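Presented below is the structure to which this report refers.
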Amino acid sequence: MVTIQETEIIEKGRLAKNRAEELGRPILISEVHQIQNMNPLSFFNIGKELYQGERFFWKDPNDEIILVGIGISKQLQTNDVSDRFAYVEQEWKTFLKDSIVINPFSIEGVGPVIFGGFSFDPMKPKTQLWSKYMDSMFYLPKFLLSIIKGQAYFTTNIVCSQYDDDFFFQKMLDERNELLRSVQSSNSLLPPILLETKEIMSEEWKKSVEKVVKELSTGPLKKVVLARELRLKFENKVEPEIVLERLNRQQHESFIFAFESEGDCFIGASPERLVKKNENEIFSTCLAGSISRGETEEADRILGEQLLNDQKNLIEHQFVVDMIKEALEESCEEIILPDRPSLLKNRDIQHLYTPVIGKCTKEASLLLLVERLHPTPALGGLPKKEAVEKIRKVENLDRGFYAAPLGWMDYKGNGEFAVCIRSGLIQGKEASLFAGCGVVADSDSESEYLETGLKFRPMLRALGGN
Ligand SMILES: C=C(O[C@H]1C=CC=C(C(=O)O)[C@@H]1O)C(=O)O
Ligand SMILES: [Mg+2]
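Numbering-wise (the numbering used here), the sequence shown opens with residue -14 and increments by one.
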């Protein structure tokens, strides 16, 4: 059992209350404790009863940073399309001002950390599908479990107003202790039973790929990523906890994420980083160009070789490399990347992969980098603006958070965002899965269709499909 004994919260709470009174606005108190290790999935599960719809889960491919948030102590969100990145940045800064942070550890990902993201295209008319999610949406959790390079930390965030008394702080601490006490209880959840899989407008989708291919050889567009949807029906309500546990097991070398909102859950296992910032160190990833995995080691190696030498895929990949390099050049003093892609192999698919590292200038904040990079031509196309407009026009899909940046940022400005592909939206007894592919002048609609089929597999398997 995990317990947190000593606590400064009550004492500092009085200080925060006075500060709130003086300034006439709520003040954040955040307290960090080092704790014994606990299973992050079990921690996510115990929030189920009291905090469903108010949880998030994040794990990077190397297990270096795992974050699980439960309860919402503050939301930063807007549907205003202008300057949404700067808006979140500004709101977060303002909110942190005058806060009281009790954190003896100088490591990333502990203390006040917000988690969330930005929808793919705020200009695309919203449908019912994503009605529970805003275009920019972040949570500061009440309770955050951070497992950083194997060591567990627990952050309690309390937003206190001038009207809060000792009783209020004691209540939060009781809530925390209750939560930590129940970590060991295991719940028996029903695995999803898939009843129906429906491809949404797949023939129309192939036609739009063909149409875009024709335009690519004549107009200014060089690449457009087109996505499609699978709608699934289940016998019972799908439990995100089980899906998360399976994704974590089946796609362990990916970013594993879940982001709940009012009963819906956006969830997935993405192999693609958008950007990570640790002080002035920047890491990004170019991932585009795909082929299937082989049944045997030899067959797999041959497929990999084929991909590494395939002109269509190399071009599809190079657009991403050029754009990411250019976007980072604006804010980085130094950028290092290999001159040829290597292979990144996931369970169902292999990709062309180019990692990028850089050293950014002082002015470059994480969200500024996210704004510059999103969407890379692995998700949008090239040129960026024209490609996004094309997608808005021809795609019969409300992408919502699919292919969008989702991740975390701490109070020191460090953080990481993944590109949320290989993902789906769970809604009670139904779910939508999304997959897209880079359409270039040499694309063939049937092969692109099959490629998206491979990209549905990780989510389908985790949801009990084949
Ligand atoms: C858009 C997706 O994948 C991107 C990432 C890697 C390879 C891709 C490709 O080869 O087309 C896509 O650009 C998706 O999985 O939905
Ligand atoms: Mg492709």
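Beta carbons are placed, not taken as given, at the ideal position from N, Cα and C, and that holds for glycine.
Just so you know, these numbers come straight off a predicted model, no measurement behind them.
Hey, how far is the Cα of GLY38 from the Cα of PHE386?
What you label residue 38 is simply residue 53 of the sequence shown in a count that begins at 1. What you label residue 386 is simply residue 401 of the sequence shown in a count that begins at 1. Those two C-alpha atoms are separated by around 16 angstroms.
Residues near ligand 2, criterion Cβ-heavy atom distance below 5 angstroms:
SER275, CYS422, GLY423
Of the listed residues SER255, VAL209, ILE132, SER27, nearest to PRO390 (C-alpha basis):
As a position in the sequence shown, residue 390 is number 405, starting the count at 1. Residue SER255 is the option with its Cα nearest to PRO390.
6 angstroms CB neighbourhood of LYS134 in its chain, flanking five on each side removed
Within the sequence shown, numbered from 1, the residue matching residue 134 stands at position 149. Excluding sequence neighbours, LYS134 sits near GLU49.
So what does LYS183 bridge to, in DSSP terms?
Here residue 183 refers to the residue found at position 198 of the sequence shown. ARG216, per the DSSP bridge assignment.
Suppose contacts are defined by Cβ-Cβ distances below 9 angstroms. Is GLU6 in contact with GLN236 by that definition?
Within the sequence shown, numbered from 1, the residue matching residue 6 stands at position 21. Within the sequence shown, numbered from 1, the residue matching residue 236 stands at position 251. In this structure, GLN236 does not lie closer than 9 angstroms to GLU6 by Cβ.
Compare the C-alpha of ALA447 against each of GLU226, GLY400, GLU280, GLU401 and name the closest.
For the purposes of this step, residue 447 is taken as the residue at position 462 of the sequence shown. The option with the nearest alpha carbon to ALA447 is GLU226.
Could you give the DSSP three-state label for ARG384: helix, strand or coil?
Here the question's residue 384 lines up with position 399 in the sequence shown. Coil, per DSSP.
Within the region 211 to 285, note down every full beta strand (DSSP E) run reaching 3 residues or more, in order along the chain.
240 to 246, 249 to 255, 258 to 263, 266 to 277
Do ASN142 and LEU61 have their C-beta atoms closer together than 9 angstroms?
In the sequence shown, counting from the first residue as 1, residue 142 sits at position 157. In the sequence shown, counting from the first residue as 1, residue 61 sits at position 76. Their beta carbons are not under 9 angstroms apart, which means ASN142 does not touch LEU61 by this criterion.
Reduced DSSP secondary structure (H/G/I, E/B, other) of PHE105:
The residue given as residue 105 occupies position 120 in the sequence shown. Note: PHE105 maps to coil in three-state DSSP.
Buried or exposed: ASP149, going by 16 or more other Cβ atoms within 10 Å of its Cβ?
As a first step, residue 149 is located in the sequence shown; it is residue number 164 there, counting from the start. By the neighbour-count rule (16 or more Cβ atoms within 10 Å), ASP149 is buried.
For CYS271 and TYR138, I'd like the C-alpha separation in whole angstroms.
Here the question's residue 271 lines up with position 286 in the sequence shown. Here the question's residue 138 lines up with position 153 in the sequence shown. Their backbone Cα atoms lie some 32 angstroms apart in a straight line.
If we ignore side chains and look at the alpha-carbon of each, how far apart do CYS145 and ILE55 end up?
One-based indexing of the sequence shown puts residue 145 at position 160. One-based indexing of the sequence shown puts residue 55 at position 70. Spanning the two alpha carbons is a distance of roughly 18 angstroms.
With a 10 Å radius around its C-beta and 16 neighbouring C-beta atoms as the bar for buried, classify LYS440 as buried or exposed.
Within the sequence shown, residue 440 is the residue found at index 455, counting from 1. Buried is the call here.
Are the CB atoms of GLY392 and LEU259 within a distance shorter than 9 angstroms?
One-based indexing of the sequence shown puts residue 259 at position 274. One-based indexing of the sequence shown puts residue 392 at position 407. The answer is yes: Cβ separation under 9 angstroms.
Cβ shell of PHE70 (< 8 angstroms), same chain only, five flanking positions each side left out
For the purposes of this step, residue 70 is taken as the residue at position 85 of the sequence shown. Closer than 8 angstroms at Cβ, skipping near neighbours: PHE103, SER121, LEU352, LEU353, VAL355, GLU356.
Cβ neighbour criterion (16 or more within 10 Å) applied to GLN303:
The residue given as residue 303 occupies position 318 in the sequence shown. Looking at its Cβ environment, which holds 16 or more other Cβ atoms inside 10 Å, GLN303 is buried.
Euclidean distance between Cα positions of SER116 and LYS127:
Residue mapping note: residue 116 aligns to position 131 of the sequence shown, counting from 1. Residue mapping note: residue 127 aligns to position 142 of the sequence shown, counting from 1. Answer to the nearest angstrom: the Cα atoms are 24 angstroms apart.
State the DSSP-derived secondary structure class of TYR434, mapped to helix, strand or coil.
Position 449 of the sequence shown, counting from 1, holds the residue named residue 434. Here TYR434 sits in helix by DSSP.
Output the residue ranges of the alpha helix (DSSP H) runs that lie fully inside the region 352 to 413 and measure 4 residues or longer, sorted by chain position.
369 to 379
Assign VAL66 to buried or exposed, taking buried as 16 or more other Cβ atoms, counted over all protein chains shown, within 10 Å of its Cβ.
Here residue 66 refers to the residue found at position 81 of the sequence shown. Result: exposed.
Please determine whether the Cβ atom of ARG231 lies at a distance below 8 angstroms from any heavy atom of ligand 1.
For the purposes of this step, residue 231 is taken as residue 246 along the sequence shown, with counting starting at 1. Outside the cutoff, so no.
Would you say the beta carbon of VAL95 comes nearer than 8 angstroms to a heavy atom of ligand 1?
What you label residue 95 is simply residue 110 of the sequence shown in a count that begins at 1. For ligand 1, not one heavy atom lies less than 8 angstroms from the Cβ of VAL95.
Name the DSSP bridge partner or partners of ASN142?
Start at 1 with the first residue of the sequence shown, and residue 142 comes out as number 157. The partner list for ASN142 (beta bridge, DSSP) reads SER15.
Would you say ASP307 and GLY274 are within 9 angstroms of each other, going by their C-beta atoms?
Indexing the sequence shown from 1 puts residue 307 at position 322. Indexing the sequence shown from 1 puts residue 274 at position 289. No, these two residues do not count as a Cβ contact at 9 angstroms.
Option in GLY9, VAL73, ASN162, ILE(-6) with minimal Cα separation from ASP395
Position 410 of the sequence shown holds residue 395. It is VAL73.
For the alpha helix (DSSP H) holding GLY(-2), just list the boundary residues, first then last.
For the purposes of this step, residue -2 is identified with residue 13 of the sequence shown, where counting begins at 1. Counting along the chain, the alpha helix (DSSP H) containing GLY(-2) begins and ends at -6 to 8.
In DSSP terms, what GLY80 is bridged to:
Position 95 of the sequence shown, counting from 1, holds the residue named residue 80. Note on identity: in this sequence residue 80 is Phe, with Gly being the wrong assignment. Note: PHE80 sits in no beta bridge, so no partner.
Runs of alpha helix (DSSP H) wholly within the region 17 to 88 (minimum 4 residues, chain order):
25 to 31, 33 to 36, 69 to 81
For SER408 and PHE251, believed in contact at Cβ under 8 angstroms, the rounded distance:
The count along the sequence shown starts at 1 and reaches residue 251 at position 266. The count along the sequence shown starts at 1 and reaches residue 408 at position 423. Between SER408 and PHE251 the Cβ distance is about 7 angstroms, and since that is below 8 angstroms, they are a contact.
Should ILE406 be counted as a contact of ligand 1 given a C-beta to heavy atom distance under 8 angstroms?
Within the sequence shown, residue 406 is the residue found at index 421, counting from 1. Yes, the Cβ of ILE406 comes within 8 angstroms of a heavy atom of ligand 1.
Give a single yes or no on whether GLU181 has its beta carbon closer than 8 angstroms to a heavy atom of ligand 1.
Taking the first residue of the sequence shown as 1, we reach residue 181 at position 196. The answer is no for GLU181.
Sufficient close CB pairs (3 or more, under 8 angstroms) joining the region 343 to 350 to the region 312 to 330
yes
Quick one: using the 10 Å Cβ neighbour count with 16 as the cut-off for buried, is LYS109 buried or exposed?
Here the question's residue 109 lines up with position 124 in the sequence shown. Buried, by the Cβ-count rule.
Give the single residue among ARG40, ILE(-6), LEU125, VAL379 whose Cα lies nearest to the Cα of LYS156.
Residue 156 sits at position 171 when you count from the first residue of the sequence shown. Nearest option by C-alpha distance: ILE(-6).
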